[in-house]
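Written below as structure tokens is the structure these notes are about.
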Amino acid sequence: MRLADFHNFVNYEFGPQHGPWLLHSHVLMEYGKTPAELLEDGVEPRDIWWALCREHDIPEDRWYGPDE
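Sequence positions in the sequence shown follow full-length UniProt numbering and run 1 to 68.
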């Protein structure tokens, strides 16, 4: 997953206000870090996205982003 796609998915699912805030404030339980920290550490954006989806009970049919 490209980083731009990751940010688009976050904004689509969580909104343009809440999404960016979530990346810097929500600590993912399975990693013990925020998504922003994980991106800085070089973790694959797809893995971070899927962790966000699991923790927020996003239905699996929305894990692959918006239909365009």
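Beta carbons are placed, not taken as given, at the ideal position from N, Cα and C, and that holds for glycine. Keep in mind it's a predicted model, so treat the numbers as computed, not measured.
Buried/exposed call for residue i, threshold 16 Cβ in 10 Å
i: E13; result: buried
i: W21; result: exposed
i: V27; result: exposed
i: L52; result: buried
i: L3; result: exposed
Start and end residues, alpha helix (DSSP H) containing residue i
i: V43; result: That residue, V43, is in no alpha helix (DSSP H); it is neither H nor E in DSSP.
i: Y12; result: L3 to F14
Span separating the alpha-carbon of residue i from that of residue j
i: E37; j: D57; result: 22 Å
i: E44; j: P35; result: 10 Å
i: S25; j: I48; result: 14 Å
In DSSP terms, what residue i is bridged to
i: L28; result: K33
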